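Everything below concerns the one structure shown next.
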Amino acid sequence: MSTTSTRDVRKAPPARKGGAPPTRTGRRREFTTRRGLVIAAFMAPAAVFVAVFTYYPMIAGSQMAFRNWNLTDLTDTSWVGLKNFREVFTDPAWGTVLDNTLLWVVGSIVPQLVIGFAIALWLRRRFPFRGLYQALIFFPWAISGFLIGILFRWLFNSEFGVVNDLLQKAGIIDEPIAWLADPQTAMIAVLIANVWYGVTFFAIMILAALQSIPDELYEAAALDGASRTRTLFQITIPYIRTTLALTVLLRVIWIFNFPDLIFGMTGGGPNNETHIVTTWMIKITQQGDYGKASALGLLVVAILLVFAVFFLMATRERTAAARGSGKRGART
Amino acid sequence: MRRRTAALALGTAAAMVLTGCSTMSPGESGTVTLNMVESLTNPARTDLLKGLIADFEKQNPKIEVNLVSPPTEQADQKIQQMLQSGSGVDVLEVRDITVGPWSNNGWLYDMKKDLADWKGWEALTDNAVEASEDTEGRTYFVPYGFYGLSLFHRTDLIEEAGFDKPPATWEELLEQASKIHKPSERRYGYAFRGGANAHSNATAAIEAYVADDIDPAHGYLLKDGSTIFSAPEALDAMETYLKLFEEASPESSVAWGYPEMVEGFSNGSTAFLLQDPEVIATVSESKSIKPDQWSTAPLVAGPSGKTVQPLATAGWGVAEGSKHKAEAVKLVEFLSEGEASTAFTKKNSLVPILKSAAEDEFYRTGPWASYVTMTENPDKYLVVTQPRGVAWWAEWQQRADTDVQKMILGKLTPKELLEGWDAYWTEKWKK
Numbered sequence: 008m009s010t011t012s013t014r015d016v017r018k019a020p021p022a023r024k025g026g027a028p029p030t031r032t033g034r035r036r037e038f039t040t041r042r043g044l045v046i047a048a049f050m051a052p053a054a055v056f057v058a059v060f061t062y063y064p065m066i067a068g069s070q071m072a073f074r075n076w077n078l079t080d081l082t083d084t085s086w087v088g089l090k091n092f093r094e095v096f097t098d099p100a101w102g103t104v105l106d107n108t109l110l111w112v113v114g115s116i117v118p119q120l121v122i123g124f125a126i127a128l129w130l131r132r133r134f135p136f137r138g139l140y141q142a143l144i145f146f147p148w149a150i151s152g153f154l155i156g157i158l159f160r161w162l163f164n165s166e167f168g169v170v171n172d173l174l175q176k177a178g179i180i181d182e183p184i185a186w187l188a189d190p191q192t193a194m195i196a197v198l199i200a201n202v203w204y205g206v207t208f209f210a211i212m213i214l215a216a217l218q219s220i221p222d223e224l225y226e227a228a229a230l231d232g233a234s235r236t237r238t239l240f241q242i243t244i245p246y247i248r249t250t251l252a253l254t255v256l257l258r259v260i261w262i263f264n265f266p267d268l269i270f271g272m273t274g275g276g277p278n279n280e281t282h283i284v285t286t287w288m289i290k291i292t293q294q295g296d297y298g299k300a301s302a303l304g305l306l307v308v309a310i311l312l313v314f315a316v317f318f319l320m321a322t323r324e325r326t327a328a329a330r331g332s333g334k335r336g337a338r339t
Numbered sequence: 028m029r030r031r032t033a034a035l036a037l038g039t040a041a042a043m044v045l046t047g048c049s050t051m052s053p054g055e056s057g058t059v060t061l062n063m064v065e066s067l068t069n070p071a072r073t074d075l076l077k078g079l080i081a082d083f084e085k086q087n088p089k090i091e092v093n094l095v096s097p098p099t100e101q102a103d104q105k106i107q108q109m110l111q112s113g114s115g116v117d118v119l120e121v122r123d124i125t126v127g128p129w130s131n132n133g134w135l136y137d138m139k140k141d142l143a144d145w146k147g148w149e150a151l152t153d154n155a156v157e158a159s160e161d162t163e164g165r166t167y168f169v170p171y172g173f174y175g176l177s178l179f180h181r182t183d184l185i186e187e188a189g190f191d192k193p194p195a196t197w198e199e200l201l202e203q204a205s206k207i208h209k210p211s212e213r214r215y216g217y218a219f220r221g222g223a224n225a226h227s228n229a230t231a232a233i234e235a236y237v238a239d240d241i242d243p244a245h246g247y248l249l250k251d252g253s254t255i256f257s258a259p260e261a262l263d264a265m266e267t268y269l270k271l272f273e274e275a276s277p278e279s280s281v282a283w284g285y286p287e288m289v290e291g292f293s294n295g296s297t298a299f300l301l302q303d304p305e306v307i308a309t310v311s312e313s314k315s316i317k318p319d320q321w322s323t324a325p326l327v328a329g330p331s332g333k334t335v336q337p338l339a340t341a342g343w344g345v346a347e348g349s350k351h352k353a354e355a356v357k358l359v360e361f362l363s364e365g366e367a368s369t370a371f372t373k374k375n376s377l378v379p380i381l382k383s384a385a386e387d388e389f390y391r392t393g394p395w396a397s398y399v400t401m402t403e404n405p406d407k408y409l410v411v412t413q414p415r416g417v418a419w420w421a422e423w424q425q426r427a428d429t430d431v432q433k434m435i436l437g438k439l440t441p442k443e444l445l446e447g448w449d450a451y452w453t454e455k456w457k458k
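From first to last, the protein sequence lines stand for chains A and D.
Residues 8 to 339 in the working numbering are what the first sequence lists, from first letter to last.
Residues 28 to 458 in the working numbering are what the second sequence lists, from first letter to last.
Below you can see the structure in the form of structure tokens.
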């Protein structure tokens, strides 16, 4: 699945969003009402589904953000303007939550990318049982994030967990570390868990992209006497740049929206100091304050939209530059 | 051809929309189907419920019951959504923490009149009768059992440390637990609750210390109308409680919730644990400690020698939106009396709602005996109703849990914590 999707992404020209190729105007058939009806009828199931199950809940959910929508008392759901947003911004936890979210995204994605890349490079070579290794490495991706959270909660348990046990037996620490009881070590623990979990996805995507690089390029580079590092930075990375950019974009959005692991491991604690935006949103939802949670949800969408626009603009410029000026561009 | 394709597409679309909107049609030949939703779901309990439902259906051939069992974590939210949509639920599990908001929103049916002639009332314990009515006398659920704290303890470790009986007060608990606590040997005194629901044990300590003055109907108030958190004894309670963490509990218990506490006790490393009766079943299955190494004792007391047990409960209720209320009430009655109730409380390890349980051998022996002791001495082991039904209970729980964590992390003193809690409740009740 991953291989096809990467290839699709690479093949699809970004500008062509509509579907009807522009060159067909010459032999375009006459548009009749009946034809329109047929098209509408075919589109109806999908349109109805998307409308009912995506857009309606989204709009219904968004309007809660501007209303007094508390499950504990739904007798008064009057419009309150921006009150819910004000409550989010003035909440003492908001600053910590934002800092944590940034740390969570950056602290997860950088190691995931680096380790994932290394694994993909390693798996690209042929060696005995390569298929088995691939399957084993991709396995974590098939487990639910919440379950992983619970597993790591026990691994990092100070008294009964295997992490402290191993560290002590290896002589690295004398006293057990109370991982999840201290806000700082708790954040490190959830990051370790997330890196372990997410490396897989990068490995899958990058491996798929690597397999599309023609061997001739490497052969040519070898003939020219290019070193390994130079091959990596001037052939491999430029060639798979689009995949890399899209994977990073996807992962940033996913990690941002990935409360499962933290929720399973720390529940946002201790002292609310490992909350990210989405775990905090769940916590507010559990308190029944759907209005405030919904406001927070809209903020998440806004933040991610802004990020996506900037990211795509930045990477498109780079890719264009790379395409336009060959070797010089490849270095940028 | 083309017309046929169009018709086919339209038909498919219509079918998809219709299946999405269709509701359960009334059964044929006068059979009524009840939808029943449970909240505190676990696989063993669901099987048990299905068995009880089968008995009910045998007795009432015209009623069919369809049991819906959402996963526990999201169950209450699922039920909420179902109730909000106004249909699809007839009988449901109502908890002391959900009855307030749900009845407030008009989602629950007051069974008072329907149950007026029910003969099951006489068999119920006083606690059960009391819990089935809210402050205004409405019956939104009939409790199926109670949760209550008792002190799980290691008899062998207590003896080794030179004590001849388990602690009866918080002070004694602190003394014994500190003596047993030796972290370097992976031996811990007390399974401290610092994570989820941390406030529940902290308030249990406070309530024990103010037992003489507490208002039994409002577990957070004193008889003079001020909050329990404002009493000078509350400060003694919190200071002792903090010492229990500092001197007798594992460092990481800042983050301990239910699973870690129970694991700590049942893997043999921790000597004391305050927990609900359902833990009896878990500990009994432990391979690390043998039955003669542990038991339960009544909840520990304050300086006056009295304990205060917050009454935690859940039960079966009927949805206001139900079209088959008479049949639904019948099912609630069935589950709340006789063998169905006995089977449910025994197999779920709950404090029973039937008076007859006190004579039952099952409850008179072993770890259960402390619960009978507590039930039989209501003057020493007081039972209070906490304001769990208030609309802000969920908000309070999260705030209070965070405060307990702050206190044990050294970011809040017991005095500041109590002042905060006093101010919180005084302000909430003023509104």
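In this text, a Cβ means the ideal position worked out from N, Cα and C, and glycines have one as well.
Bear in mind the structure is a predicted one, so any value in this text is a computation, not a measurement.
{"Asked": "Whose C-alpha, out of A:ASN164, A:ILE247, A:GLN70, A:ALA233, is nearest the C-alpha of THR5 of chain A?", "Found": "Any property of residue 5 of chain A remains undetermined from this structure, which presents chain A solely from 8 to 339."}
{"Asked": "Helix, strand or coil for MET138 of chain D per DSSP?", "Found": "coil"}
{"Asked": "DSSP three-state label for ILE247 of chain A, please.", "Found": "coil"}
{"Asked": "Going by alpha carbons, who is nearest to GLU274 of chain D out of D:THR334, D:ASP319, D:PRO210?", "Found": "D:PRO210"}
{"Asked": "Check distances from the C-beta atoms of the segment 54-73 of chain A to those of chain D and list, in chain order, the residues that come in under 8 Å.", "Found": "VAL55, PHE56, VAL59"}
{"Asked": "9 Å is my cut-off, CB to CB: does LYS317 of chain D come that close to chain A?", "Found": "no"}
{"Asked": "Going by C-alpha distance, which of D:VAL289, D:ALA229, D:ILE207 is nearest VAL431 of chain D?", "Found": "D:ALA229"}
{"Asked": "Please report the residue range of the alpha helix (DSSP H) in which GLU94 of chain A lies.", "Found": "90-97"}
{"Asked": "When DSSP labels each residue in this structure, what does ASP80 of chain A get in the three-state scheme?", "Found": "strand"}
{"Asked": "Nearest chain A C-beta to ARG213 of chain D closer than 9 Å, yes or no?", "Found": "yes"}
{"Asked": "Apart from the five residues on each side of it in sequence, which residues of its chain come closer than 7 Å, Cβ to Cβ, to LEU445 of chain D?", "Found": "PHE256, ALA261, LEU262, MET265"}
{"Asked": "Once you ignore the five residues that flank LEU214 of chain A on each side, which residues in its own chain have a CB closer than 6 Å to its CB?", "Found": "ALA127, LEU130"}
{"Asked": "Suppose the cutoff is 8 Å on Cβ atoms and the five residues either side in sequence are ignored; what does the same chain contact list for LEU105 of chain A look like?", "Found": "VAL284"}
{"Asked": "Can you give, in chain order, each stretch of the beta strand (DSSP E) that sits fully within the segment 331-381 of chain D and has at least 3 residues?", "Found": "334-337, 339-345"}
{"Asked": "Compute the distance between the beta-carbons of ALA328 of chain D and ALA238 of chain D, then report whether it is under 9 Å.", "Found": "yes"}
{"Asked": "Going along chain A in order, which residues have a C-beta closer than 9 Å to the C-beta of ASN228 of chain D?", "Found": "Ordered by position in chain A, no residue passes the 9 Å Cβ test against ASN228 of chain D, which lies about 16 Å from the chain."}
{"Asked": "For a contact meaning CB atoms closer than 9 Å, what does LEU436 of chain D contact in chain A?", "Found": "ALA188, ASP189, PRO190, PRO277, ASN278"}
{"Asked": "Once you ignore the five residues that flank LEU269 of chain D on each side, which residues in its own chain have a CB closer than 8 Å to its CB?", "Found": "MET434, ILE435, PRO441"}
{"Asked": "Would you call the segment 61-71 of chain D and the segment 97-111 of chain D in contact, with 3 or more CB pairs under 8 Å?", "Found": "yes"}
{"Asked": "Could you run through the segment 193-215 of chain A and flag, in chain order, every residue whose CB is less than 9 Å away from some CB of chain D?", "Found": "ALA193"}
{"Asked": "Using the rule of at least 16 other Cβ atoms within 10 Å of the residue's Cβ for burial, across every protein chain shown, is ALA231 of chain D buried or exposed?", "Found": "buried"}
{"Asked": "Is the shortest distance between the beta-carbon of SER165 of chain A and the beta-carbons of chain D less than 9 Å?", "Found": "yes"}
{"Asked": "For THR453 of chain D and ASP123 of chain D, I'd like the C-alpha separation in whole angstroms.", "Found": "22 Å"}
{"Asked": "Scan the segment 279-301 of chain A for residues whose Cβ lies nearer than 7 Å to a Cβ of chain D and list them as they occur along the chain.", "Found": "ASN279, LYS290, GLN293, GLN294, GLY295"}
{"Asked": "Using the beta-carbon count (16 or more within 10 Å), is PRO29 of chain A buried or exposed?", "Found": "Confidence is the limiting factor: at PRO29 of chain A the pLDDT is only 49, short of 50, which leaves the residue's position unreliable and the question unanswerable from this model."}
{"Asked": "Since PRO277 of chain D meets chain A, which of its residues come closer than 7 Å, beta carbon to beta carbon?", "Found": "SER165, GLU166"}
{"Asked": "Within the chosen definition, does the segment 139-157 of chain A reach the segment 263-275 of chain A through at least 3 CB pairs nearer than 8 Å?", "Found": "yes"}
{"Asked": "Below 9 Å on C-beta distance, what does ALA353 of chain D contact in chain A?", "Found": "Within 9 Å Cβ-Cβ: nothing; ALA353 of chain D doesn't reach chain A, min ~27 Å."}
{"Asked": "Rounded to whole angstroms, what's the CA-CA distance from PRO277 of chain D to ASN132 of chain D? Just pull it up for me.", "Found": "43 Å"}
{"Asked": "Identify every residue that forms a DSSP beta bridge with THR254 of chain D.", "Found": "D:LEU248"}
{"Asked": "Work out the CA separation of LYS85 of chain D and LYS333 of chain D for me, nearest whole Å.", "Found": "47 Å"}
{"Asked": "If you pair each beta-carbon of the segment 169-179 of chain D with each one of the segment 339-347 of chain D, do three or more pairs fall below 8 Å?", "Found": "yes"}
{"Asked": "Do VAL169 of chain D and GLY416 of chain D count as a contact pair if the criterion is CB distance below 9 Å?", "Found": "no"}
{"Asked": "In chain A, which residues lie less than 8 Å from SER296 of chain D when you measure between Cβ atoms?", "Found": "GLU166, PHE167"}
{"Asked": "Exposed or buried, which one is GLY147 of chain D when buried takes at least 16 other CB atoms within 10 Å?", "Found": "buried"}
{"Asked": "Could you confirm whether any beta carbon from chain D is found closer than 9 Å to the beta carbon of ASP80 of chain A?", "Found": "yes"}
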